[in-house]
Every structure is written in C-alpha cells, then in structure tokens.
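Chemist: 1 is the number of the first residue of the sequence shown in full-length UniProt numbering; add one for each residue after it. Note that the Cβ used here is the ideal one computed from N, Cα and C, for glycine as well.
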Amino acid sequence: MERPSRLLLVSELRVRNSAYDVSLSRSLLTWKRRTSSPVYHPFRPRFCVPSFPRRQASGVCRSVSVSEIISVREEEEENGCKDDGSWKKINEREGKDCRQAFTVLYVERCQQHRWRCAEVSFTCPEAALCQRWVTSIREQLAAITSRPKQLLVYINPYSGKQHGKHIYEQKVAPLFALAGVTTHVIVTEHANYARDHLRTEAELKKFDGVVCVGGDGMFSEIIHGLIWRSQIDGGVDPNCADESLLPSSLRIGIIPAGSTDCICFATVGSNDPVTSALHIIVGQSLHIN
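#1: Below 8 angstroms, how does it come out for the segment 276-287 and the segment 226-245: are there three or more Cβ pairs, yes or no?
#2: Find out if the Cβ-Cβ distance for the pair LEU151, PHE207 is shorter than 8 angstroms.
#3: In terms of alpha-carbon separation, which member of ARG16, LEU28, ASN17 lies closest to VAL10?
#4: Do you know whose CA, among THR30, CYS61, VAL181, lies nearest SER146's CA?
#5: Can you have a look at HIS279 and say buried or exposed, based on whether 16 or more other CB atoms are within 10 angstroms of its CB?
#6: Please say whether ILE186 and PRO273 have beta carbons closer to each other than 8 angstroms?
#7: Does the beta-carbon of PRO148 have 16 or more other beta-carbons within 10 angstroms, so that it is buried, or is it exposed?
#8: Are the CB atoms of VAL213 and TYR158 within a distance shorter than 8 angstroms?
#9: Compare the beta carbon distance of ILE69 and VAL15 with 8 angstroms and say whether it is the shorter of the two.
#10: Find the nearest neighbour of HIS184 within the set HIS190, PHE176, ASP21, judged by alpha-carbon distance.
#11: Going by C-alpha to C-alpha distance, which of SER276, ARG229, ALA19 sits closest to residue 343?
#12: If distances are taken between C-alpha atoms only, which option among CYS262, ALA191, ALA127, ARG116 comes closest to GLU76?
#13: Look at ASP21 and ARG34 and say whether their C-beta atoms are less than 8 angstroms apart.
#14: Would GLU169 be called buried (16 or more neighbouring beta carbons within 10 Å of its own) or exposed?
#15: Among the residues of its own chain, which have a CB less than 8 angstroms from the CB of PRO247, if the five just before and after it don't count?
#16: Name, in chain order, the residues that DSSP records as bridge partners for CYS130.
#17: Taking the beta strand (DSSP E) that LEU151 falls in, what are its first and last residues?
#18: Are GLY258 and ASP196 closer than 8 angstroms when you measure CB to CB?
#19: Count the other CB atoms within 10 Å of the CB of GLN100; is the residue buried (16 or more) or exposed (fewer)?
#20: Counting only the same chain and skipping the five closest in sequence on each side, list residues whose C-beta sits under 6 angstroms from that of SER86.
#21: Nearest to MET218 by alpha carbon, out of SER71, CYS262, SER23?
#22: Taking the Cβ atom as the reference point for each residue, do LEU250 and GLY209 lie within a distance shorter than 8 angstroms?
#23: Return the Cβ separation of ILE137 and VAL72 in integer angstroms, given the expectation that the two are a contact with Cβ distance under 8 angstroms.
#24: CA-CA distance, VAL66 and VAL120?
#25: At which residue ranges does the segment 5-36 contain complete beta strand (DSSP E) runs of 3 or more residues, listed in the order of the chain?
#26: For the segment 260-288, list the alpha helix (DSSP H) runs that are entirely contained and at least 4 residues long, ordered along the chain.
#27: Going by C-alpha to C-alpha distance, which of PRO238, GLY225, SER220, GLU221 sits closest to THR200?
#28: Got a sec, what are the start and stop residues for the beta strand (DSSP E) ALA118 sits in?
#29: Where does TYR106 sit, in a helix, a strand or coil, going by DSSP?
Shown next as structure tokens:
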C-alpha cells in the first residue's frame, strides 16, 4: 500500500462560514469540514497533523490532486473585514491588511468524460498565512514539468460550423490566461496553411506545444507539418524511404471545433472545448499511433 505524501502545510481555514482543516502535500490538497463544538474558535492554532481523509460527501471532505490544480490567486476582502463582529475584531487586530483569502481553481470531473473549472475560496486569519499558502501551492505547480508555459495556437475559422475563432476566444483563451499559459495565435487563411507554416516559418524552439482549434483535418495538417519540420531540423531527408524518421519533441493539443472531432473523442472521450483546454493546461498526454 502506497504511503501518503508528507504534509507541507496544515491550517484551520474558513470556507464561507464553516471551519475546515486544510492540508497540502506534494500530491493532494484536502479540505475537511470540522465537527461543531460548544465553543467555536475559528482560528485557534492547531498542532496535531490530521491523517489523510478519504473523499466523502461533497461539502464535508474534498481532495484535489495537485496536478489538477489550474491556478491559485489571492483575494481581497472589501474594507478588509466582514460584517459580523468576529471579523471586525480580527480587522482591528490585523490593521488594514485585507489580503487574507485565496482561491484555488481546479479540475472537476463531470459526466460523459467532461471536465470543468471549479473553484474554492479559503479565508485565513492573517495575511502572512494566506501568502504562505499561495506561495506553497504555486511552488508545487511550478515543479510540474509536463505543464506547458508557451503554446503556438492555430485556429481554422472555416472548420465545422465556422465557430473556431469564437470557441477559442470565449472558452479556451480565458482558461489559458488563468493558468498563466502564454500563447501565439495564428488564424489560418486557407487549406494547409498551418502545415506549411510549421514546415518553414514557425519558431518552434519558443514553444512547449502546438494547439490546433478545428477538426480532424486541422489535426492532420499539424501532424504532417511537425513530422516534416522535425526531419529537416534533425538533418533527415523526409523524401528518402531508407531514413528513420525522428519524433517531434512538441506535443499537440486539440481544441474541437469541427464536424465530427473523432480524434478528440478517441483521446479525451468528449468534443467539449473546455475539457480539451483543461487537459492541455494540466499537461496530460497520450501516445497515439
């Protein structure tokens, strides 16, 4: 039986108006609602380390894999306090520093293989603890080397129902921005535009991967362009039948915007653009023949 990872942080934080025991390891972020007690002390320091809880009913105990955390951000409470008396006392003690909450955005699995972006906000008793949590989570995310930081994106505006550009701008680009992924976007002008651009003009060393927004034909263009370019950059003649082809070092992401999207159904099980974008963000990959 695999032993749980060592805990990096353990704190008593608040989710909405309830107290939670929150823990972070290198593999899991867990928050478990505390049982009620006769006297409620929301921020009493705790020195015991809770054991790893199993996933229970929603709202009581939740665990999220660190690898599926999209991002974390600090929040600011308006005027630095809530309306209830306890928060006013905390505000008087801490002064005007209002950066006492942080929000974690993470992958939530839904039915029919779909993923969506969910979030949970934690309120801390002091700004220093809040910043410690944010820093620790960001350090764990930065250590995941499979995540892309820079992507080359090709959009086919004519694929499917000609909604590719709209799908990317409305559903995908905001998620990439949340995750801190920078992109260079190219809207293709005609058939094989992406293939030819990859063969000759694209500065591939700047990117961690190539994303195509379109259908199966667009994916085929990207595959052929990258295979050709990999041979040229590696000194292999792609027209010689006796040469052994070199693999491309870049991964390919697909945002479905076509008529059938067979490749997306075969890889992630859905033709939902948000699902595909989240798979790309967390760095999941699948080898296909």
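Modeler: Walking through what the data contain:
#1: The segment 276-287 makes no contact with the segment 226-245; the number of CB pairs closer than 8 angstroms stays below 3.
#2: The Cβ atoms of LEU151 and PHE207 sit closer than 8 angstroms to each other.
#3: Ranking ARG16, LEU28, ASN17 by Cα distance to VAL10 puts LEU28 first.
#4: Taking only the C-alpha atoms, the option nearest SER146 is VAL181.
#5: HIS279 should be labelled buried.
#6: Cβ distance not < 8 angstroms, so PRO273 and ILE186 don't count as in contact.
#7: PRO148 counts as buried, since no fewer than 16 other beta carbons sit within 10 angstroms of its beta carbon.
#8: Using a Cβ distance threshold of 8 angstroms, TYR158 and VAL213 do not count as a contacting pair.
#9: Contact flag unset, no.
#10: The candidate whose alpha carbon is nearest that of HIS184 is PHE176.
#11: Here the chain covers residues 1 to 289 and nothing more, so residue 343 does not appear.
#12: Of CYS262, ALA191, ALA127, ARG116, the residue nearest in Cα terms is ALA127.
#13: Yes, these two residues count as a Cβ contact at 8 angstroms.
#14: Label assigned to GLU169: exposed.
#15: Same-chain partners within the cutoff: SER230.
#16: According to DSSP, CYS130 bridges with nothing at all.
#17: 150-155 is the extent of the beta strand (DSSP E) around LEU151.
#18: Taking 8 angstroms as the cut-off, the Cβ atoms of GLY258 and ASP196 do not count as close.
#19: In summary, GLN100 is buried, with 16 or more beta-carbon neighbours lying within 10 Å of its beta-carbon over all protein chains present.
#20: Confidence at SER86 is low in this model, with a pLDDT of 47, below 50, so the placement of that residue is unreliable and no value is reported for it.
#21: Of the listed residues, the one whose Cα sits closest to MET218 is CYS262.
#22: Yes. Within cutoff.
#23: So it is a contact: roughly 4 angstroms between Cβ atoms.
#24: Roughly 14 angstroms between the two C-alpha positions.
#25: You should have 7-15, 18-25, 28-33.
#26: Complete alpha helix (DSSP H) runs here, min 4: 262-267, 273-281.
#27: In terms of Cα proximity to THR200, the closest of PRO238, GLY225, SER220, GLU221 is GLY225.
#28: DSSP places ALA118 inside the beta strand (DSSP E), whose first and last residues are 115-123.
#29: If DSSP states are grouped into helix, strand and coil, TYR106 belongs with the strands.
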